[in-house]
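Colleague:
Numbering (our numbering), first residue to last: 1012 to 1186.
1) When you compare the CB positions of residue 1091 and residue 1022, do they come within less than 8 Å of one another, or not?
2) For the alpha helix (DSSP H) containing residue 1069, name the first residue and the last one.
3) Taking 8 Å as the cut-off, does the segment 1167 to 1179 touch the segment 1135 to 1153 (at least 3 CB pairs, one atom from each stretch)?
4) For residue 1135, which residues in the same chain have their Cβ closer than 8 Å to its Cβ, ignoring the five residues on either side in sequence?
5) Going by Cα to Cα distance, which pick from 1126, 1158 and 1097 is closest to residue 1137?
6) Assign residue 1135 to one of three DSSP states: helix, strand, or coil.
7) With burial defined as no fewer than 16 other Cβ atoms inside 10 Å of the residue's Cβ, what is the status of residue 1047: buried or exposed?
8) List the whole-angstrom C-beta distance separating residue 1130 from residue 1088, where the pair is believed to meet the contact cut-off of C-beta under 8 Å.
9) Applying the criterion that 16 or more other CB atoms from any shown protein chain within 10 Å of the CB defines a buried residue, is residue 1140 buried or exposed?
10) With a 10 Å radius around its C-beta and 16 neighbouring C-beta atoms as the bar for buried, classify residue 1104 as buried or exposed.
11) Comparing C-alpha positions only, which one of 1094, 1050 and 1024 sits nearest to residue 1070?
12) In this structure, how does DSSP classify residue 1115 when only helix, strand and coil are distinguished?
Dropping the structure here:
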């Protein structure tokens, strides 16, 4: 059994001292997930804390079907989505994104740095950034994203395509 497995068993037996150790093991990675989804660091920190609270409260439901990190990440992502829904920033219509071209010419596209792309991603509308992050960075399939967000898979695909196009434009023209 790995270290997190041992800690989880201790938590299930009521040893609350190990909660901090689990938090210490996973906090940085989960904070990174929150920062990729939410618009500012304070909100990301709040969501991360809330997600850890939910996870620790429901630790008995963890069944080793996936790793603890994957289980926790799903809780973190869902908590971030809940934060976005509460702010009504999740759904983005095409009309809300001026300047979105139908098909960008990406033949001469070459980003100068990873930082440039990160900054451009922060400029994307929330819904676009969320779908792009969940698919490209976190590795979720369109079907999983649709289920998490409660939207059609076709909507996820179209938002992903639009997000990618907009990201290319932002990096290319440094808007």
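Backbone N, C-alpha and C define an ideal beta-carbon position, used for all residues, glycine too.
Modeller: Quick look at the numbers:
1) Translated into the one-based positions of the chain shown, residue 1091 becomes position 80. Translated into the one-based positions of the chain shown, residue 1022 becomes position 11. No.
2) Counted from its first residue, the chain shown places residue 1069 at position 58. Neither: residue 1069 is in no alpha helix (DSSP H) and is coded neither H nor E.
3) yes
4) Position 124 of the chain shown, counted from the start, is the residue given in the question as residue 1135. If we look at residue 1135 and ignore the five residues flanking it on each side, its Cβ neighbours are 1143, 1174, 1177, 1178 and 1181.
5) Start at 1 with the first residue of the chain shown, and residue 1137 comes out as number 126. Out of 1126, 1158 and 1097, 1097 has the C-alpha closest to the C-alpha of residue 1137.
6) Within the chain shown, numbered from 1, the residue matching residue 1135 stands at position 124. Here residue 1135 sits in coil by DSSP.
7) Here residue 1047 is taken as the residue at index 36 of the chain shown, counted from 1. So residue 1047 ends up on the buried side.
8) What you label residue 1130 is simply residue 119 of the chain shown in a count that begins at 1. What you label residue 1088 is simply residue 77 of the chain shown in a count that begins at 1. By a beta-carbon distance limit of 8 Å, residue 1130 does not contact residue 1088. Their separation comes to about 22 Å.
9) As a first step, residue 1140 is located in the chain shown; it is residue number 129 there, counting from the start. Answer is buried; the Cβ neighbour count reaches 16.
10) The sequence position of residue 1104 within the chain shown is 93, counting from 1. The pLDDT assigned to residue 1104 is 40, lower than 50, so where the model puts this residue is not dependable; a value taken from the coordinates is nonetheless given after this. Exposed, because fewer than 16 other Cβ atoms sit within 10 Å of the Cβ of residue 1104.
11) Working through the chain shown from its first residue, we reach residue 1070 at position 59. When 1094, 1050 and 1024 are compared, the shortest CA-CA separation from residue 1070 is found for 1024.
12) The residue you call residue 1115 lines up with position 104 of the chain shown. Note that residue 1115 scores 44 on pLDDT, short of 50, meaning its location in the model is unreliable and no value can be drawn from it.
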